[in-house]
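Quick note: the sequence shown uses my numbering, first residue -14, plus one each step.
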Amino acid sequence: MATAAGGEALFIASIASSLLGVLGEGLEARARRASIVLLVAGLAILGASMVIDGRHSPLASPAVVD
-14 MATAAGGEAL FIASIASSLL GVLGEGLEAR ARRASIVLLV AGLAILGASM
36 VIDGRHSPLA SPAVVD
């Protein structure tokens, strides 16, 4: 659950970074790059936590027992 919370925090930080990029014209390009990096990192952490927890993962399919 800690990884999911970390992913959510990074996702929220990416939204805040995008909003700050709109407010500051000189920092726009830097904020855009930072928000993209934070968004990708947040999604990667959320995806990894789902795989670890076994939700929405093709790796979590039940084993076939003969």
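We put the beta carbon where it would ideally sit given N, CA and C, even for glycine.
Given residue i as reference, the closest of the options once Cα atoms are compared
{"i": "A(-6)", "options": "A33, G27 and V22", "result": "G27"}
{"i": "I(-3)", "options": "S20, A16 and R15", "result": "S20"}
{"i": "A16", "options": "V25, A29 and A1", "result": "A1"}
Nearest-angstrom beta carbon gap, residue j and residue i [assumed within contact, 8 Å]
{"i": "S(-1)", "j": "L23", "result": "4 Å"}
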